[in-house]
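Take a look at the structure set out below.
In my numbering, the protein residues as written are 298 to 708.
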(Lines of atoms letter the chains of each structure in order from A and count residues from 1; the text may use other names and numbers.)
(Lines give C-alpha, C1' and ligand atoms only; values in the text may rest on other atoms or scores of the structure.)
Protein backbone atom coordinates (compact mmCIF):
# COMPACT_ATOMS: atom_id res chain seq x y z
CA UNK A 1 0.00 0.00 0.00
CA UNK A 2 1.30 3.45 -0.93
CA UNK A 3 0.27 6.04 1.64
CA UNK A 4 0.58 9.74 0.95
CA UNK A 5 1.04 12.12 3.88
CA UNK A 6 0.73 15.90 3.91
CA UNK A 7 3.84 16.67 5.99
CA UNK A 8 3.95 20.37 5.05
CA UNK A 9 4.18 21.52 8.68
CA UNK A 10 7.69 20.07 8.98
CA UNK A 11 8.67 23.59 7.94
CA UNK A 12 6.90 25.00 11.03
CA UNK A 13 7.99 22.61 13.74
CA UNK A 14 7.48 25.08 16.57
CA UNK A 15 3.75 25.27 15.89
CA UNK A 16 1.25 22.87 17.45
CA UNK A 17 0.55 21.15 14.12
CA UNK A 18 4.29 21.08 13.46
CA UNK A 19 4.84 19.18 16.72
CA UNK A 20 2.08 16.72 15.84
CA UNK A 21 3.67 16.16 12.42
CA UNK A 22 7.14 15.56 13.85
CA UNK A 23 6.03 13.17 16.57
CA UNK A 24 3.62 11.23 14.38
CA UNK A 25 6.34 10.65 11.75
CA UNK A 26 8.93 9.66 14.37
CA UNK A 27 6.59 7.02 15.75
CA UNK A 28 5.55 5.90 12.27
CA UNK A 29 9.15 5.34 11.12
CA UNK A 30 10.00 3.51 14.35
CA UNK A 31 7.03 1.16 13.99
CA UNK A 32 7.52 0.50 10.27
CA UNK A 33 11.16 -0.46 10.83
CA UNK A 34 10.08 -3.23 13.20
CA UNK A 35 8.05 -4.98 10.46
CA UNK A 36 9.20 -7.58 7.99
CA UNK A 37 9.99 -6.04 4.59
CA UNK A 38 7.12 -7.82 2.86
CA UNK A 39 4.66 -6.41 5.43
CA UNK A 40 5.79 -2.81 5.15
CA UNK A 41 3.89 0.00 3.51
CA UNK A 42 5.45 2.68 1.33
CA UNK A 43 5.05 6.30 2.34
CA UNK A 44 5.40 9.53 0.41
CA UNK A 45 5.84 12.73 2.41
CA UNK A 46 4.51 15.74 0.49
CA UNK A 47 6.35 18.94 1.41
CA UNK A 48 6.71 22.60 0.49
CA UNK A 49 10.29 22.73 1.78
CA UNK A 50 13.01 20.21 2.57
CA UNK A 51 13.82 19.42 6.19
CA UNK A 52 16.48 17.82 8.38
CA UNK A 53 15.69 14.09 8.28
CA UNK A 54 17.28 13.56 11.70
CA UNK A 55 14.34 15.49 13.13
CA UNK A 56 12.09 12.47 12.58
CA UNK A 57 14.81 9.81 12.71
CA UNK A 58 14.76 9.12 8.97
CA UNK A 59 17.91 7.56 7.50
CA UNK A 60 19.26 8.30 4.04
CA UNK A 61 19.10 4.60 3.06
CA UNK A 62 15.35 4.26 3.62
CA UNK A 63 14.08 5.78 0.37
CA UNK A 64 12.53 2.47 -0.63
CA UNK A 65 9.89 2.95 2.06
CA UNK A 66 9.95 6.68 2.80
CA UNK A 67 10.11 9.14 -0.08
CA UNK A 68 9.97 12.93 -0.13
CA UNK A 69 8.14 14.96 -2.75
CA UNK A 70 8.98 18.68 -2.50
CA UNK A 71 7.18 21.13 -4.76
CA UNK A 72 5.70 24.61 -4.92
CA UNK A 73 3.43 26.44 -7.35
CA UNK A 74 4.83 29.17 -9.58
CA UNK A 75 3.55 31.63 -6.99
CA UNK A 76 6.16 31.35 -4.20
CA UNK A 77 5.05 33.84 -1.56
CA UNK A 78 4.14 31.97 1.65
CA UNK A 79 0.52 33.08 2.07
CA UNK A 80 -3.03 31.78 1.65
CA UNK A 81 -2.92 32.00 -2.15
CA UNK A 82 0.03 29.61 -2.22
CA UNK A 83 -1.58 27.44 0.46
CA UNK A 84 -4.78 27.01 -1.53
CA UNK A 85 -2.87 26.37 -4.75
CA UNK A 86 -0.65 23.76 -3.10
CA UNK A 87 -3.32 21.95 -1.05
CA UNK A 88 -6.26 22.01 -3.43
CA UNK A 89 -4.71 21.76 -6.90
CA UNK A 90 -1.13 20.48 -6.86
CA UNK A 91 -1.25 17.95 -4.02
CA UNK A 92 -4.14 15.77 -5.29
CA UNK A 93 -2.54 15.57 -8.75
CA UNK A 94 0.84 14.57 -7.32
CA UNK A 95 -0.73 11.89 -5.11
CA UNK A 96 -2.67 10.46 -8.07
CA UNK A 97 0.48 10.42 -10.23
CA UNK A 98 2.43 8.66 -7.47
CA UNK A 99 -0.15 5.89 -7.15
CA UNK A 100 -1.28 6.60 -3.60
CA UNK A 101 -3.97 4.25 -2.32
CA UNK A 102 -4.84 6.30 0.75
CA UNK A 103 -3.86 9.77 1.89
CA UNK A 104 -3.45 11.22 5.37
CA UNK A 105 -3.73 14.98 5.93
CA UNK A 106 -2.16 15.91 9.28
CA UNK A 107 -4.28 19.05 9.60
CA UNK A 108 -7.55 20.47 8.28
CA UNK A 109 -6.76 21.53 4.74
CA UNK A 110 -8.38 22.36 1.40
CA UNK A 111 -7.33 19.04 -0.16
CA UNK A 112 -10.08 17.11 -1.93
CA UNK A 113 -9.67 13.84 -3.85
CA UNK A 114 -12.29 13.40 -6.55
CA UNK A 115 -13.91 9.98 -6.71
CA UNK A 116 -12.30 9.24 -10.05
CA UNK A 117 -8.85 9.49 -8.45
CA UNK A 118 -9.62 6.38 -6.31
CA UNK A 119 -7.68 7.75 -3.34
CA UNK A 120 -9.25 7.37 0.09
CA UNK A 121 -8.70 10.40 2.32
CA UNK A 122 -8.20 10.47 6.10
CA UNK A 123 -8.01 13.99 7.55
CA UNK A 124 -6.92 15.05 11.03
CA UNK A 125 -9.03 18.04 12.14
CA UNK A 126 -7.62 19.82 15.18
CA UNK A 127 -10.48 22.29 15.59
CA UNK A 128 -13.00 24.43 13.74
CA UNK A 129 -11.91 27.63 15.44
CA UNK A 130 -13.15 29.85 12.59
CA UNK A 131 -16.72 28.65 13.20
CA UNK A 132 -16.56 29.39 16.93
CA UNK A 133 -14.73 32.72 16.62
CA UNK A 134 -15.74 34.19 13.23
CA UNK A 135 -13.59 37.26 13.90
CA UNK A 136 -10.68 35.14 12.61
CA UNK A 137 -12.22 35.46 9.14
CA UNK A 138 -11.20 39.09 8.92
CA UNK A 139 -10.35 39.21 5.21
CA UNK A 140 -11.58 37.74 1.94
CA UNK A 141 -8.67 35.29 1.52
CA UNK A 142 -9.35 33.68 4.90
CA UNK A 143 -13.06 33.43 4.12
CA UNK A 144 -12.28 31.68 0.83
CA UNK A 145 -9.70 29.36 2.38
CA UNK A 146 -11.88 28.18 5.26
CA UNK A 147 -14.86 27.78 2.93
CA UNK A 148 -12.70 25.35 0.94
CA UNK A 149 -11.48 23.65 4.13
CA UNK A 150 -15.07 23.03 5.25
CA UNK A 151 -15.89 21.45 1.89
CA UNK A 152 -12.77 19.27 2.12
CA UNK A 153 -13.63 18.10 5.65
CA UNK A 154 -17.12 17.11 4.52
CA UNK A 155 -15.79 15.26 1.44
CA UNK A 156 -13.01 13.35 3.25
CA UNK A 157 -13.74 9.64 3.68
CA UNK A 158 -12.94 9.68 7.38
CA UNK A 159 -12.06 12.28 10.01
CA UNK A 160 -9.76 11.99 13.01
CA UNK A 161 -9.90 14.68 15.65
CA UNK A 162 -7.86 15.30 18.79
CA UNK A 163 -10.57 15.62 21.45
CA UNK A 164 -14.20 14.80 22.18
CA UNK A 165 -14.83 18.53 22.34
CA UNK A 166 -13.65 18.95 18.74
CA UNK A 167 -15.76 15.98 17.69
CA UNK A 168 -18.84 17.69 19.14
CA UNK A 169 -17.92 20.89 17.29
CA UNK A 170 -17.67 19.00 13.99
CA UNK A 171 -21.14 17.61 14.53
CA UNK A 172 -22.54 20.99 15.61
CA UNK A 173 -21.02 23.23 12.93
CA UNK A 174 -20.50 20.90 9.94
CA UNK A 175 -23.22 18.34 10.67
CA UNK A 176 -20.84 15.39 10.35
CA UNK A 177 -22.21 12.00 11.31
CA UNK A 178 -20.60 10.73 14.51
CA UNK A 179 -19.60 7.49 12.76
CA UNK A 180 -17.40 9.48 10.38
CA UNK A 181 -15.34 11.04 13.20
CA UNK A 182 -12.93 9.19 15.49
CA UNK A 183 -11.16 10.76 18.45
CA UNK A 184 -7.40 10.19 18.58
CA UNK A 185 -5.75 12.18 21.36
CA UNK A 186 -2.20 13.39 20.83
CA UNK A 187 0.71 13.92 23.23
CA UNK A 188 3.45 16.49 23.75
CA UNK A 189 7.04 16.18 22.54
CA UNK A 190 9.40 13.83 24.39
CA UNK A 191 11.63 16.80 25.36
CA UNK A 192 9.05 17.70 28.02
CA UNK A 193 9.42 14.27 29.60
CA UNK A 194 13.20 14.33 30.18
CA UNK A 195 14.00 15.29 33.77
CA UNK A 196 17.69 15.81 32.89
CA UNK A 197 16.64 18.98 31.08
CA UNK A 198 16.18 20.61 34.49
CA UNK A 199 19.92 20.79 35.02
CA UNK A 200 21.20 21.65 31.57
CA UNK A 201 22.21 25.30 31.30
CA UNK A 202 19.17 26.65 33.11
CA UNK A 203 20.61 29.99 34.20
CA UNK A 204 22.23 30.69 30.84
CA UNK A 205 19.09 29.81 28.86
CA UNK A 206 16.81 31.98 31.00
CA UNK A 207 19.33 34.83 30.80
CA UNK A 208 19.07 34.87 27.00
CA UNK A 209 15.41 35.79 27.49
CA UNK A 210 16.29 38.35 30.20
CA UNK A 211 14.85 36.21 33.01
CA UNK A 212 17.09 36.62 36.05
CA UNK A 213 15.29 34.39 38.57
CA UNK A 214 13.04 31.33 38.74
CA UNK A 215 9.78 30.94 40.63
CA UNK A 216 7.67 33.03 38.24
CA UNK A 217 4.07 32.66 37.07
CA UNK A 218 4.22 31.42 33.47
CA UNK A 219 2.08 31.52 30.35
CA UNK A 220 3.06 30.36 26.86
CA UNK A 221 0.96 30.43 23.73
CA UNK A 222 -0.71 32.83 21.36
CA UNK A 223 -2.11 36.22 22.25
CA UNK A 224 -5.34 35.95 20.28
CA UNK A 225 -8.29 37.44 22.14
CA UNK A 226 -9.62 33.91 22.78
CA UNK A 227 -6.43 33.09 24.70
CA UNK A 228 -7.75 35.42 27.41
CA UNK A 229 -4.30 36.59 28.53
CA UNK A 230 -5.75 39.95 29.52
CA UNK A 231 -7.63 38.20 32.34
CA UNK A 232 -4.35 36.72 33.61
CA UNK A 233 -2.68 40.15 33.58
CA UNK A 234 -5.65 41.63 35.47
CA UNK A 235 -5.52 38.77 38.00
CA UNK A 236 -1.79 39.37 38.44
CA UNK A 237 -2.56 43.00 39.27
CA UNK A 238 -5.14 41.85 41.85
CA UNK A 239 -2.54 39.50 43.31
CA UNK A 240 -0.08 42.40 43.68
CA UNK A 241 -2.73 44.44 45.46
CA UNK A 242 -3.39 41.59 47.92
CA UNK A 243 0.34 41.20 48.45
CA UNK A 244 0.73 44.89 49.33
CA UNK A 245 -2.26 44.93 51.67
CA UNK A 246 -1.28 41.87 53.73
CA UNK A 247 1.80 40.66 55.57
CA UNK A 248 2.63 38.04 52.93
CA UNK A 249 5.98 39.73 52.28
CA UNK A 250 7.31 37.84 55.30
CA UNK A 251 6.15 34.49 53.92
CA UNK A 252 7.01 34.54 50.21
CA UNK A 253 8.60 36.64 47.51
CA UNK A 254 6.21 38.08 44.95
CA UNK A 255 6.80 36.33 41.60
CA UNK A 256 7.25 37.88 38.18
CA UNK A 257 4.73 37.16 35.43
CA UNK A 258 6.44 35.71 32.34
CA UNK A 259 4.48 35.75 29.07
CA UNK A 260 6.04 33.73 26.24
CA UNK A 261 4.85 33.96 22.66
CA UNK A 262 5.17 36.09 19.56
CA UNK A 263 3.16 39.32 19.76
CA UNK A 264 2.25 41.04 16.49
CA UNK A 265 0.72 44.51 16.98
CA UNK A 266 -0.45 44.51 13.34
CA UNK A 267 -2.97 41.77 14.18
CA UNK A 268 -4.85 43.79 16.81
CA UNK A 269 -7.88 43.49 17.40
CA UNK A 270 -7.82 39.72 16.62
CA UNK A 271 -4.78 39.69 18.91
CA UNK A 272 -5.12 41.35 22.29
CA UNK A 273 -3.26 44.65 22.67
CA UNK A 274 -1.00 43.42 25.47
CA UNK A 275 1.30 46.46 25.82
CA UNK A 276 -1.80 48.60 26.31
CA UNK A 277 -3.26 46.10 28.80
CA UNK A 278 -0.01 45.92 30.77
CA UNK A 279 0.20 49.70 30.89
CA UNK A 280 -3.40 49.89 32.12
CA UNK A 281 -2.93 47.28 34.88
CA UNK A 282 0.42 48.53 36.14
CA UNK A 283 -1.08 52.01 36.57
CA UNK A 284 -4.31 50.73 38.12
CA UNK A 285 -2.55 48.66 40.79
CA UNK A 286 0.70 50.66 41.13
CA UNK A 287 2.47 47.53 39.95
CA UNK A 288 6.13 47.88 38.86
CA UNK A 289 6.08 47.42 35.08
CA UNK A 290 9.25 45.30 35.13
CA UNK A 291 7.34 42.58 37.03
CA UNK A 292 5.57 41.61 33.79
CA UNK A 293 8.02 40.21 31.25
CA UNK A 294 7.08 39.60 27.61
CA UNK A 295 9.94 37.37 26.47
CA UNK A 296 8.77 36.83 22.90
CA UNK A 297 8.99 33.54 21.04
CA UNK A 298 10.70 30.75 23.01
CA UNK A 299 12.51 28.08 21.01
CA UNK A 300 11.12 24.56 21.35
CA UNK A 301 14.35 23.24 22.89
CA UNK A 302 14.30 25.97 25.56
CA UNK A 303 10.65 25.68 26.52
CA UNK A 304 10.96 22.79 29.04
CA UNK A 305 13.31 24.97 31.11
CA UNK A 306 10.62 27.63 31.41
CA UNK A 307 8.14 25.10 32.79
CA UNK A 308 10.67 23.54 35.15
CA UNK A 309 11.65 26.89 36.65
CA UNK A 310 8.10 28.26 37.06
CA UNK A 311 6.23 28.17 40.36
CA UNK A 312 2.91 28.14 38.55
CA UNK A 313 1.62 27.80 34.99
CA UNK A 314 -1.70 29.50 34.18
CA UNK A 315 -3.68 28.79 31.00
CA UNK A 316 -6.81 30.99 30.77
CA UNK A 317 -7.77 30.17 27.15
CA UNK A 318 -11.46 30.36 26.25
CA UNK A 319 -11.21 27.54 23.70
CA UNK A 320 -8.72 24.87 22.59
CA UNK A 321 -9.02 22.00 20.14
CA UNK A 322 -6.68 20.02 22.38
CA UNK A 323 -4.44 22.03 24.72
CA UNK A 324 -0.79 21.06 24.27
CA UNK A 325 0.62 23.70 26.64
CA UNK A 326 -1.10 22.38 29.79
CA UNK A 327 0.02 18.86 28.92
CA UNK A 328 3.60 20.12 28.52
CA UNK A 329 3.38 21.73 31.96
CA UNK A 330 2.01 18.51 33.46
CA UNK A 331 4.89 16.49 32.01
CA UNK A 332 7.43 18.96 33.39
CA UNK A 333 6.00 18.74 36.90
CA UNK A 334 4.86 22.37 36.95
CA UNK A 335 1.76 23.16 39.06
CA UNK A 336 -0.90 24.36 36.61
CA UNK A 337 -4.23 26.16 36.69
CA UNK A 338 -6.24 25.54 33.53
CA UNK A 339 -9.50 27.06 32.36
CA UNK A 340 -12.46 24.69 32.58
CA UNK A 341 -13.82 24.64 29.02
CA UNK A 342 -13.70 22.92 25.60
CA UNK A 343 -11.04 20.20 25.35
CA UNK A 344 -9.22 21.54 28.41
CA UNK A 345 -11.78 19.73 30.56
CA UNK A 346 -10.52 16.48 29.03
CA UNK A 347 -6.88 17.28 29.82
CA UNK A 348 -7.65 18.07 33.48
CA UNK A 349 -10.73 15.84 33.86
CA UNK A 350 -12.18 18.89 35.64
CA UNK A 351 -10.16 18.21 38.80
CA UNK A 352 -10.79 21.24 41.02
CA UNK A 353 -7.14 21.49 42.10
CA UNK A 354 -5.91 22.15 38.57
CA UNK A 355 -9.07 23.32 36.78
CA UNK A 356 -11.32 26.34 37.34
CA UNK A 357 -13.67 28.63 35.44
CA UNK A 358 -11.59 31.71 34.63
CA UNK A 359 -13.89 34.69 34.21
CA UNK A 360 -13.15 36.67 37.38
CA UNK A 361 -9.66 38.15 37.94
CA UNK A 362 -10.20 38.39 41.71
CA UNK A 363 -11.05 34.69 41.99
CA UNK A 364 -8.13 33.73 39.78
CA UNK A 365 -5.78 35.87 41.91
CA UNK A 366 -7.08 34.17 45.04
CA UNK A 367 -6.48 30.72 43.54
CA UNK A 368 -2.98 31.66 42.38
CA UNK A 369 -2.12 32.97 45.84
CA UNK A 370 -3.28 29.72 47.48
CA UNK A 371 -1.01 27.69 45.22
CA UNK A 372 2.03 29.97 45.50
CA UNK A 373 2.13 29.93 49.32
CA UNK A 374 1.36 26.23 49.80
CA UNK A 375 4.09 23.70 48.99
CA UNK A 376 1.84 20.78 49.95
CA UNK A 377 -0.85 21.94 47.53
CA UNK A 378 1.73 22.26 44.76
CA UNK A 379 2.85 18.66 45.34
CA UNK A 380 -0.75 17.43 45.22
CA UNK A 381 -1.29 19.27 41.94
CA UNK A 382 1.86 17.78 40.43
CA UNK A 383 0.78 14.27 41.49
CA UNK A 384 -2.62 14.73 39.82
CA UNK A 385 -0.98 16.06 36.66
CA UNK A 386 1.42 13.11 36.52
CA UNK A 387 -1.52 10.69 36.55
CA UNK A 388 -3.06 12.59 33.65
CA UNK A 389 0.07 12.40 31.48
CA UNK A 390 0.02 8.59 31.21
CA UNK A 391 -3.32 8.79 29.38
CA UNK A 392 -1.69 10.36 26.33
CA UNK A 393 0.86 8.76 24.01
CA UNK A 394 2.03 8.91 20.41
CA UNK A 395 1.89 5.12 20.27
CA UNK A 396 -1.87 5.18 20.86
CA UNK A 397 -2.35 8.03 18.40
CA UNK A 398 -0.41 6.24 15.65
CA UNK A 399 -2.28 3.03 16.36
CA UNK A 400 -5.60 4.75 15.65
CA UNK A 401 -4.22 6.33 12.48
CA UNK A 402 -2.99 2.93 11.24
CA UNK A 403 -6.37 1.33 11.98
CA UNK A 404 -8.25 4.01 10.02
CA UNK A 405 -5.85 3.85 7.06
CA UNK A 406 -6.12 0.06 6.88
CA UNK A 407 -9.91 0.21 6.98
CA UNK A 408 -9.98 2.81 4.20
CA UNK A 409 -7.75 0.59 2.07
CA UNK A 410 -10.42 -2.12 2.06
CA UNK A 411 -13.39 0.19 1.33
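Ideal Cβ placement from N, Cα and C applies to all residues, glycine included.
Please read these numbers as outputs of a predicted model, since none were measured by experiment.
CB contact flag (residue i, residue j, <7 Å)
i, j, result
"residue 578", "residue 552", "no"
"residue 418", "residue 430", "no"
"residue 366", "residue 339", "no"
"residue 307", "residue 362", "no"
"residue 511", "residue 606", "yes"
"residue 592", "residue 557", "yes"
"residue 318", "residue 706", "no"
"residue 629", "residue 489", "yes"
"residue 345", "residue 402", "no"
"residue 354", "residue 323", "yes"
"residue 462", "residue 622", "no"
"residue 433", "residue 381", "no"
"residue 602", "residue 499", "yes"
"residue 571", "residue 485", "no"
"residue 481", "residue 697", "yes"
"residue 460", "residue 587", "no"
"residue 452", "residue 409", "yes"
"residue 580", "residue 527", "no"
"residue 648", "residue 679", "no"
"residue 597", "residue 311", "yes"
Bridge partner(s) assigned by DSSP for residue i
i, result
"residue 366", "343"
"residue 317", "Residue 317 pairs with nothing; no bridge assigned."
"residue 444", "In the DSSP output, where bridge partners are listed per residue, residue 444 has none listed."
"residue 455", "419"
"residue 550", "Answer is none; residue 550 lacks a bridge partner."
"residue 298", "For residue 298, which the question treats as bridged, DSSP gives no partner whatsoever."
"residue 593", "557"
"residue 521", "568"
"residue 505", "None, per the DSSP bridge assignment."
"residue 516", "556"
"residue 399", "300 and 417"
Between the CA atoms of residue j and residue i - distance to the nearest angstrom
i, j, result
"residue 615", "residue 517", "15 Å"
"residue 576", "residue 599", "28 Å"
"residue 407", "residue 377", "11 Å"
"residue 645", "residue 483", "15 Å"
"residue 358", "residue 699", "24 Å"
"residue 560", "residue 568", "8 Å"
"residue 303", "residue 612", "30 Å"
"residue 356", "residue 450", "33 Å"
"residue 533", "residue 669", "12 Å"
"residue 351", "residue 326", "12 Å"
"residue 694", "residue 457", "10 Å"
"residue 470", "residue 428", "7 Å"
"residue 541", "residue 535", "10 Å"
"residue 455", "residue 479", "8 Å"
"residue 582", "residue 519", "25 Å"
"residue 313", "residue 423", "10 Å"
"residue 502", "residue 384", "38 Å"
"residue 509", "residue 589", "13 Å"
"residue 609", "residue 672", "11 Å"
"residue 379", "residue 444", "16 Å"
"residue 504", "residue 566", "32 Å"
"residue 321", "residue 393", "23 Å"
"residue 309", "residue 343", "14 Å"
"residue 389", "residue 414", "8 Å"
"residue 543", "residue 421", "51 Å"
For residue i, three-class secondary structure by DSSP
i, result
"residue 562", "helix"
"residue 654", "coil"
"residue 648", "coil"
"residue 628", "helix"
"residue 429", "helix"
"residue 353", "helix"
"residue 689", "coil"
"residue 498", "coil"
"residue 372", "coil"
"residue 533", "helix"
"residue 639", "coil"
Close beta carbons around residue i, own chain, < 7 Å, minus the five adjacent residues each side
i, result
"residue 387", "368 and 370"
"residue 656", "none"
"residue 653", "634, 637 and 664"
"residue 662", "532, 535, 536 and 539"
"residue 447", "471"
"residue 477", "455 and 456"
"residue 701", "419, 455, 457 and 479"
"residue 468", "475"
Chain-order list of residues whose beta-carbon lies under 6 Å from that of residue i (same chain, five-residue window excluded)
i, result
"residue 337", "329 and 362"
"residue 641", "617, 620 and 635"
"residue 425", "466 and 470"
"residue 395", "341"
"residue 594", "559"
Contacting residues, own chain, Cβ-Cβ under 8 Å from residue i (five flanking each side not counted)
i, result
"residue 708", "417 and 454"
"residue 677", "650"
"residue 524", "518, 569, 613, 614 and 615"
"residue 549", "669 and 670"
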